[in-house]
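Asker: What follows is a structure written as C-alpha cells; I'll ask about it next.
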Amino acid sequence: MPGSTHTRWLAIAPGRVNLIGEHTDYNGLPVFPIAIDRDIRIEFTVADDPVVRLDSPVARFDPFAFQLKRPVEAARQGHWSNYVRAAARGLLEHGVELRRGIEGTVTGDVPIASGLSSSSALVVASALALLKANGATLPRLELAALMARAERFVGLEGGGMDQAACLHGVAGHALRIDFEPLRVTPVAVPEGWRWVVASSLVRAEKSGDAREAYNERARQCREALAGVAGRSTHGLPAYRDLMAVDDLDGLLRRARRALSPVLFRRFRHVVTEGRREAQAEVAMRDGDVRRFGHLMVQSHESLRDDYEVSTVELDAIVEVALDAGAAGARLTGAGFGGCAVALCDDTTVGPVIEALLARYYEPRLGAPPSGGVVFAVEPSPGARVEEA
28 MPGSTHTRWL
38 AIAPGRVNLI
48 GEHTDYNGLP
58 VFPIAIDRDI
68 RIEFTVADDP
78 VVRLDSPVAR
88 FDPFAFQLKR
98 PVEAARQGHW
108 SNYVRAAARG
118 LLEHGVELRR
128 GIEGTVTGDV
138 PIASGLSSSS
148 ALVVASALAL
158 LKANGATLPR
168 LELAALMARA
178 ERFVGLEGGG
188 MDQAACLHGV
198 AGHALRIDFE
208 PLRVTPVAVP
218 EGWRWVVASS
228 LVRAEKSGDA
238 REAYNERARQ
248 CREALAGVAG
258 RSTHGLPAYR
268 DLMAVDDLDG
278 LLRRARRALS
288 PVLFRRFRHV
298 VTEGRREAQA
308 EVAMRDGDVR
318 RFGHLMVQSH
328 ESLRDDYEVS
338 TVELDAIVEV
348 ALDAGAAGAR
358 LTGAGFGGCA
368 VALCDDTTVG
378 PVIEALLARY
388 YEPRLGAPPS
398 GGVVFAVEPS
408 PGARVEEA
C-alpha cells in the first residue's frame with residue numbers, strides 16, 4: 028500500500044566514483060565503480076493528487092511543480108527539475124500508475140557537476156520516492172535499466188553505469204557492471220585500500236556545455252565500430268564481439284588502417300580501456316594495489332590522449348597525487364572537468380590530501396578551500412527509502 032500522506036519518508040541515493048572503465052558503458056563494455064558515502068536525499072510526504080512539488084535549500088535550485096501525466100513536460104534546458112521529470116516520465120512510459128505525487132525537499136552532499144553522478148542519484152531518488160508514494164515496486168536491475176533510458180530525456184547519450192551503481196551499491200565492495208543484459212557483480216575492496224576524490228574546480232555540466240562534446244564521443248565510437256567491423260547479414264557486431272579475440276594488437280592494426288586518426292584514437296581508448304577494466308578486477312581480487320594503480324594511470328593517459336576528455340586541471344591533480352605517494356590516479360566520470368580519484372592506503376591518504384591542498388587548491392584559490400573539494404570516500408550501500 029502507498030505510504031500515509033502524514034508519514035515523512037526519505038529517499039536516499041548515493042553518488043558514485045568510477046574506478047576504471049571510463050566511457051565504456053555506452054559501448055556495451057563493463058565498468059568498475061563504487062557507490063560512495065555521499066548522497067542525494069528527498070525528504071517527502073505523499074500527496075493526494077498526481078503532482079510533484081519539490082524545493083531545495085540551495086538558492087540556485089528554485090522550487091518547481093509538475094503534473095504526473097503523459098507526456099511529462101520538460102522544463103527549460105539545464106533546469107534541475109528535468110532529472111525528476113525524467114524519472115516520472117520513465118515510470119509512466121513503463122506502465123507504472125502514478126496516481127499520487129510527492130511533496131518535499133531535496134538536499135545532498137554529492138558535489139554538483141563534478142562527475143560523481145549527482146544527477147543520476149537525483150533521478151533514482153525521485154523514482155524510488157514516486158514508487159513508494161504509489162505502493163509500487165520494480166526489480167532493481169529493471170529499475171536501473173529503466174532510469175538509464177529515462178535520463179536520456181535530458182539530452183545526454185549516456186550509458187547505464189550511474190543508475191546501476193546507485194541502486195546496487197554494496198558496503199566495502201566495488202561493482203563490476205556488465206551490459207546487454209545488465210548485470211552487477213560485487214567485488215570486495217581489499218582491507219586498507221583508500222580512495223581520495225579531488226575536484227578540479229571546473230564544473231562538468233552534462234546538461235550544459237559538456238553535453239555536445241560527450242554526445243560527439245558516443246557518435247564517434249559508433250562510427251569507429253562500423254568502420255572496423257563493417258556490416259554483414261547479421262548486422263553490426265558490438266565492441267565486446269571484436270574484443271573476444273586474444274589478438275588485441277592485431278585488432279588495433281586493422282583499426283588503424285580502416286579509420287581516420289581521430290576515430291582510431293577513440294576506438295583504441297574503448298578497446299584498451301575494456302581490457303584494463305578486466306585486468307583491474309583481477310588485481311583487486313588479488314589485492315595487488317600496485318597493479319591496480321598502474322592500470323588507473325594508463326586509463327588516465329588514454330582518456331587524456333586518445334579520448335581527449337581530460338583537462339590541464341585534472342592532469343595536474345593526477346600528477347600531484349602520484350608525486351605524494353598515491354598508488355594510482357585518474358579522472359573519474361565523463362571528464363571535461365569534474366573530479367579525479369586516487370588510490371591510497373592508510374599511510375598515504377593523509378599526505379595525498381595535504382599535497383593536493385598545498386600544491387593544487389591553495390595556489391588557485393589563494394587560501395585553503397572550503398569543504399567538499401577533496402575528501403576520502405568509502406564503498407557504500409545502494410539507494411533506498413526509509414522513514415524520516
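Residue numbering for the sequence shown follows our numbering, starting at 28 and increasing by one per position. Beta carbons: idealized from backbone N, C-alpha and C, even for Gly. What you are looking at is a predicted structure, and each value in this text was computed from that prediction instead of being measured.
#1: Nearest to GLU340 by alpha carbon, out of ARG281, LEU358, VAL211?
#2: Take GLN94 as the anchor and find which of ARG35, LEU157, ARG203, PHE319 has the nearest alpha-carbon.
#3: Using the Cβ count rule (16 or more neighbours within 10 Å means buried), how would you classify HIS33?
#4: Hey, is the segment 208-216 in contact with the segment 365-380, meaning 3+ C-beta pairs nearer than 8 angstroms?
#5: Using CA coordinates, which residue listed in ALA201, ASP82, ARG87, VAL376 is at the minimum distance from ALA225?
#6: May I ask which residues mark the beginning and end of the beta strand (DSSP E) holding ALA225?
#7: Can you tell me where the beta strand (DSSP E) holding ARG179 begins and where it ends?
#8: With distances taken from CA atoms, which of ARG312, GLY135, LEU118, THR134 is nearest ARG127?
#9: Between the C-alpha atoms of THR51 and ALA38, what's the straight-line distance to the nearest angstrom?
#10: Give me whichever residues DSSP pairs with TRP36 in a beta bridge.
#11: State the CB to CB distance for the pair SER337 and GLU300, rounded to an integer number of angstroms; the pair is presumed to be in contact (CB under 8 angstroms).
#12: Of all the beta strand (DSSP E) runs that stay within the bounds of the segment 59-110, which reach a length of 3 or more residues?
#13: Quick one: what does DSSP say PHE402 is sitting in, helix, strand or coil?
#14: Using a threshold of 8 angstroms, state whether the C-beta atoms of ALA40 and ALA191 are closer than that.
#15: What's the gap between the Cα of GLU120 and the Cα of GLU308?
#16: Which residue marks the beginning of the alpha helix (DSSP H) containing ILE139, and which one marks its end?
#17: Closer than 8 angstroms is the cut-off here; do at least three beta carbon pairs connect the segment 53-72 with the segment 97-106?
#18: In the DSSP output, what is ASN45 paired with across the bridge?
#19: Rounding to the nearest angstrom, what Cα-Cα distance links ARG391 and VAL401 in this structure?
#20: Work out the CA separation of TRP36 and ARG386 for me, nearest whole Å.
#21: Please classify GLU346: is it buried, with 16 or more other beta-carbons within 10 angstroms of its beta-carbon, or exposed?
#22: State the CB to CB distance for the pair ALA201 and ILE63, rounded to an integer number of angstroms; the pair is presumed to be in contact (CB under 8 angstroms).
#23: Taking only runs of the alpha helix (DSSP H) that begin and end inside the segment 337-394, which ones reach a length of at least 4 residues, in chain order?
Answerer: A quick look at the data gives this:
#1: LEU358
#2: LEU157
#3: exposed
#4: no
#5: VAL376
#6: 221-226
#7: Run containing ARG179: none; DSSP gives neither H nor E here.
#8: LEU118
#9: 29 angstroms
#10: PHE71, GLU414
#11: In fact, because the Cβ distance is near 13 angstroms, the residues do not count as touching under 8 angstroms.
#12: 59-73, 78-82, 91-94
#13: strand
#14: no
#15: 36 angstroms
#16: Neither: ILE139 is in no alpha helix (DSSP H) and is coded neither H nor E.
#17: no
#18: PRO60
#19: 14 angstroms
#20: 43 angstroms
#21: exposed
#22: With a Cβ gap of about 11 angstroms, ALA201 and ILE63 do not count as contacting.
#23: 339-350, 376-383, 389-392
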